[in-house]
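Quick note: the sequence shown uses my numbering, first residue 12, plus one each step. Written below as structure tokens is the structure these notes are about.
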Amino acid sequence: AAERWKRLPALGKVLVYGDYDVDGVSSTTLAMEICREKARLVRYFIPHRHDQGYGLHESVLRKLLPMGWDTLFVVDCGSKDTGIISMAENAGLNVFVFDHHQPEEGMPFHSSVVNPHGQGGNAAGKALCATGVLWTWARKYGILPEKRLESMKDLAALATLADCMPLTQFNRLLVKDGIGLMRSSPRPGLAKLFSRLGLSPASLSEETLTMKVIPCLNAAGRMELADTAVAVLCGGGGTDGKVETLLALNRKRQTLSGKISEEAAVLLSGSANHVALGESWPVGVLSGVASRICSVKSAPVVLAAPVNGGIRGTLRVPEGGDAMKVLDPISPLLDAWGGHQYAAGFSVARDKWDDVSTYLEDALSAMEVEEPFLTALDFPPGEISMKSWKEVVSLGPFGNGNPAPLFFVSRTGGEKLLPLGKDGRHLQIESGSERLLAFDGERSRNEISSSSGWLYRPRLDYWRGRERLQFIVDYIVTGDIG
Numbered sequence: 012a013a014e015r016w017k018r019l020p021a022l023g024k025v026l027v028y029g030d031y032d033v034d035g036v037s038s039t040t041l042a043m044e045i046c047r048e049k050a051r052l053v054r055y056f057i058p059h060r061h062d063q064g065y066g067l068h069e070s071v072l073r074k075l076l077p078m079g080w081d082t083l084f085v086v087d088c089g090s091k092d093t094g095i096i097s098m099a100e101n102a103g104l105n106v107f108v109f110d111h112h113q114p115e116e117g118m119p120f121h122s123s124v125v126n127p128h129g130q131g132g133n134a135a136g137k138a139l140c141a142t143g144v145l146w147t148w149a150r151k152y153g154i155l156p157e158k159r160l161e162s163m164k165d166l167a168a169l170a171t172l173a174d175c176m177p178l179t180q181f182n183r184l185l186v187k188d189g190i191g192l193m194r195s196s197p198r199p200g201l202a203k204l205f206s207r208l209g210l211s212p213a214s215l216s217e218e219t220l221t222m223k224v225i226p227c228l229n230a231a232g233r234m235e236l237a238d239t240a241v242a243v244l245c246g247g248g249g250t251d252g253k254v255e256t257l258l259a260l261n262r263k264r265q266t267l268s269g270k271i272s273e274e275a276a277v278l279l280s281g282s283a284n285h286v287a288l289g290e291s292w293p294v295g296v297l298s299g300v301a302s303r304i305c306s307v308k309s310a311p312v313v314l315a316a317p318v319n320g321g322i323r324g325t326l327r328v329p330e331g332g333d334a335m336k337v338l339d340p341i342s343p344l345l346d347a348w349g350g351h352q353y354a355a356g357f358s359v360a361r362d363k364w365d366d367v368s369t370y371l372e373d374a375l376s377a378m379e380v381e382e383p384f385l386t387a388l389d390f391p392p393g394e395i396s397m398k399s400w401k402e403v404v405s406l407g408p409f410g411n412g413n414p415a416p417l418f419f420v421s422r423t424g425g426e427k428l429l430p431l432g433k434d435g436r437h438l439q440i441e442s443g444s445e446r447l448l449a450f451d452g453e454r455s456r457n458e459i460s461s462s463s464g465w466l467y468r469p470r471l472d473y474w475r476g477r478e479r480l481q482f483i484v485d486y487i488v489t490g491d492i493g
């Protein structure tokens with residue numbers, strides 16, 4: 012792919028075809044920045060999540076082909092679309108595909124596809140998101156000057172965190188450098204978004220990006236079109252308005268997600284424990300809700316909703332499971348499917364849903380998942396200083412594959428549980444001068460007050476320009492700990 016790219020003369024019109032999640036919009040932005048170094052005109056297209064769904068679509072491409080493009084640059088999708096890629100090449104387009112989604116078993120990639128899951132891919136490459144694949148390719152083959160590529164690491168950092176990719180040594184460097192870039196010289200659109208979220212660039216961390224920034228960027232593709240997120244990343248005129256749109260979409264997403272979480276909890280407590288279909292659910296927010304349910308219950312889950320006469324579903328599995336292996340046996344029944352080890356999506360005709368849902372319920376019920384094994388230091392919050400915690404933070408960024416350390420503190424019985432937040436749904440646990448925060452703790456008040464103690468993690472927080480340590484409860488400990 013690199014040699015083909017270098018051999019191409021100055022390009023005329025390049026179309027970047029991307030995806031609607033944060034990895035998709037980040038790789039779309041990165042691809043446009045790379046292509047602008049060589050092309051006269053660069054435009055992009057990202058499918059509508061609800062109307063079109065994931066991947067390269069032949070119907071879309073047939074509408075785009077007559078517009079005179081000479082190069083098609085595909086990111087975060089395309090690995091399984093061999094026939095469509097060949098169609099584009101037969102129409103005279105130069106095609107480049109950069110993806111990280113796993114192929115169907117035994118299915119070879121098209122020669123235009125750069126995907127570390129192909130034959131000969133190494134473990135480090137398989138830990139990359141699509142933005143990471145494209146950035147690494149550009150760096151390895153000198154597609155752009157090193158200094159120029161360094162200024163694009165922020166995109167790789169956002170995408171790596173958003174896709175929960177393993178923080179291997181290489182990914183940790185990508186994320187660490189990308190966060191440093193966003194602290195020192197954030198893109199104009201991101202700077203505005205940080206400001207509206209109440210984040211100073213100096214306070215940015217993998218946690219603030221994951222909990223506050225990435226959900227906003229994701230909201231565009233979940234609720235409407237991903238173009239709003241691309242516009243924020245690219246900057247330019249009208250960025251302030253695009254940021255306000257993102258914030259409004261994210262508020263709408265939060266409201267819908269809360270409603271669906273409650274409805275899914277009821278459905279999953281009935282005859283089906285793992286598969287739920289919501290006739291009125293908007294498909295755009297299902298993956299986020301499914302991820303939370305899977306995480307909280309440590310159990311696999313499928314959430315599905317009607318789309319254009321069919322059914323579209325999202326599957327999440329915990330450690331020890333493999334989403335792709337779950338779907339592979341029923342692939343003949345599915346109209347489309349794909350994903351990663353722990354997350355996958357699929358679409359199926361309405362008249363086949365009963366068979367598919369029955370199979371999924373049985374398969375997920377039989378799945379052997381690994382019980383999370385947690386290691387924690389028995390250490391009270393009062394003995395953790397700002398200085399010592401900053402030394403620990405230097406070992407980050409933390410996340411998948413490089414978890415932040417957890418600490419244990421015993422319940423003495425004399426703690427006070429004080430409500431926090433406008434609606435009192437959070438709790439502050441006070442024991443003498445020590446304070447811990449339990450987000451959404453009100454719903455678990457009885458478990459908290461009768462527990463053996465709590466596993467918590469320190470967090471650097473910035474309030475009105477001042478730095479402080481907070482201690483966040485992650486797990487309630489019941490019974491003996493040993």
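We treat Cβ as the ideally placed atom computed from N, Cα and C, and that holds for glycine. Quick caveat, the model's predicted, so the values are computed rather than measured.
Residue j beta carbon less than 7 Å from that of residue i
{"i": "Arg323", "j": "Ser302", "result": "no"}
{"i": "Ala167", "j": "Gly153", "result": "no"}
{"i": "Met163", "j": "Leu76", "result": "no"}
{"i": "Ser37", "j": "Thr142", "result": "yes"}
{"i": "His437", "j": "Leu375", "result": "no"}
{"i": "Leu169", "j": "Val33", "result": "yes"}
{"i": "Thr39", "j": "Val241", "result": "yes"}
{"i": "Pro199", "j": "Ala138", "result": "no"}
{"i": "Asp87", "j": "Gly132", "result": "no"}
{"i": "Arg264", "j": "Ala230", "result": "yes"}
{"i": "Arg207", "j": "Val254", "result": "yes"}
{"i": "Ser462", "j": "Thr423", "result": "no"}
{"i": "Asp174", "j": "Cys227", "result": "no"}
{"i": "Thr221", "j": "Leu210", "result": "no"}
Residue range of the beta strand (DSSP E) that includes residue i
{"i": "Arg150", "result": "Run containing Arg150: none in the beta strand (DSSP E); it sits in the alpha helix (DSSP H), 141-151."}
{"i": "Val36", "result": "Here Val36 belongs to no beta strand (DSSP E); instead the alpha helix (DSSP H) covers 33-46."}
{"i": "Lys427", "result": "427-431"}
{"i": "Trp292", "result": "Where Trp292 is concerned, there is no enclosing beta strand (DSSP E), given that its DSSP letter is neither H nor E."}
{"i": "Ser421", "result": "417-421"}
Bounding residues of the alpha helix (DSSP H) (the contiguous stretch that carries residue i)
{"i": "Glu441", "result": "Segment 437-442 is the beta strand (DSSP E) holding Glu441; no alpha helix (DSSP H) there."}
{"i": "Gly321", "result": "No alpha helix (DSSP H) contains Gly321, which is instead part of the beta strand (DSSP E) from 321-327."}
{"i": "Gln481", "result": "Element bounds for Gln481: not the alpha helix (DSSP H) but the beta strand (DSSP E), 477-488."}
{"i": "Phe181", "result": "180-195"}
{"i": "Val224", "result": "First-last for Val224: undefined, no H or E at that position."}
{"i": "Gly299", "result": "297-308"}
{"i": "Leu166", "result": "164-173"}
Rounded straight-line distance, which links the Cα of residue j to that of residue i
{"i": "Leu371", "j": "Ala377", "result": "10 Å"}
{"i": "Ser90", "j": "Leu345", "result": "17 Å"}
{"i": "Glu100", "j": "Val106", "result": "7 Å"}
{"i": "Gly256", "j": "Thr239", "result": "According to the sequence as given, residue 256 is Thr; it is not Gly. Those two C-alpha atoms are separated by around 8 Å."}
{"i": "His61", "j": "Pro293", "result": "8 Å"}
{"i": "Glu379", "j": "Ala449", "result": "30 Å"}
{"i": "Cys46", "j": "Pro391", "result": "53 Å"}
{"i": "Pro343", "j": "Ala360", "result": "11 Å"}
{"i": "Gly18", "j": "Ser214", "result": "It should be pointed out that residue 18 corresponds to Arg in this sequence rather than to Gly. Taking the straight line joining both Cα atoms gives about 44 Å."}
{"i": "His128", "j": "Ile96", "result": "18 Å"}
{"i": "Asp92", "j": "His111", "result": "13 Å"}
{"i": "Trp348", "j": "Leu314", "result": "14 Å"}
{"i": "Arg194", "j": "Gly281", "result": "48 Å"}
{"i": "Ser444", "j": "Gly66", "result": "54 Å"}
{"i": "Lys270", "j": "Gly321", "result": "23 Å"}
{"i": "Ser272", "j": "Leu104", "result": "45 Å"}
{"i": "Asp472", "j": "Asp339", "result": "44 Å"}
{"i": "Gly407", "j": "Ser216", "result": "10 Å"}
{"i": "Thr171", "j": "Leu145", "result": "12 Å"}
{"i": "Gly494", "j": "Ala13", "result": "Not covered by the structure: residue 494. The range shown for the chain is 12 to 493."}
{"i": "Leu288", "j": "Met335", "result": "20 Å"}
{"i": "Met98", "j": "His59", "result": "22 Å"}
{"i": "Leu192", "j": "Thr369", "result": "48 Å"}
{"i": "Val403", "j": "Glu290", "result": "47 Å"}
{"i": "Tyr31", "j": "Asp366", "result": "29 Å"}
{"i": "Leu388", "j": "Val124", "result": "46 Å"}
{"i": "Asn411", "j": "Glu330", "result": "11 Å"}
{"i": "Ala235", "j": "Gly246", "result": "Sequence check: residue 235 is Glu here, not Ala. Those two C-alpha atoms are separated by around 19 Å."}
is_contact[residue i, chain C] using C-beta, thresh 7 Å
{"i": "Lys263", "result": "In the structure shown, chain C cannot be found, because there is only a single protein chain."}
Practice item. Specify whether the segment 466-485 and the segment 409-419 touch according to this definition: at least 3 beta carbon pairs, one from each stretch, less than 8 Å apart. Key: Judged by Cβ distances under 8 Å, the segment 466-485 makes contact with the segment 409-419, as three or more pairs qualify.
Exercise for review: Kindly confirm or deny that the segment 431-441 and the segment 386-399 touch, where touching means at least three C-beta pairs closer than 8 Å.
Suggested key: Contact between the segment 431-441 and the segment 386-399 is not established, with fewer than three Cβ pairs separated by less than 8 Å.
Check your understanding: Is the segment 18-30 in contact with the segment 68-84, if contact means three or more CB pairs nearer than 8 Å?
Key -> Counting C-beta pairs with one atom in each stretch, the segment 18-30 and the segment 68-84 have three or more that are closer than 8 Å, which means they touch.
Practice item. Pair every Cβ in the segment 196-214 with every Cβ in the segment 144-160, then say whether three or more of these pairs are closer than 8 Å. Key: Not touching, per the Cβ criterion.
**Study point:** Contact between the segment 353-362 and the segment 440-457 (3+ Cβ pairs under 8 Å)
**Key:** Taking 8 Å as the limit for Cβ pairs, the verdict is that the segment 440-457 does not touch the segment 353-362.
Exercise for review: Just list the alpha helix (DSSP H) runs in the segment 243-280, keeping only unbroken ones of 4 residues or longer that don't cross its boundaries, in chain order.
Suggested key: Along the segment 243-280, the alpha helix (DSSP H) occurs as fully enclosed runs of 4 or more residues at 250-278, listed in sequence order.
**Study point:** Within the segment 344-407, ranges of the alpha helix (DSSP H) (whole runs, at least 4 residues)
**Key:** For the alpha helix (DSSP H) assignment, the uninterrupted runs of no fewer than 4 residues enclosed by the segment 344-407 are, from N- to C-terminal side, 364-377, 397-404.
Practice item. Would you list, in sequence order, the uninterrupted beta strand (DSSP E) runs of no fewer than 3 residues that lie entirely inside the segment 441-466? Key: Entirely contained in the segment 441-466, the beta strand (DSSP E) runs reaching 3 residues are, in chain order, 445-449.
Point to revise | Entirely enclosed alpha helix (DSSP H) segments - the segment 55-103, minimum 4 residues | key: Within the segment 55-103, the complete alpha helix (DSSP H) segments at least 4 residues long are 69-75, 93-101, listed from N- to C-terminus.
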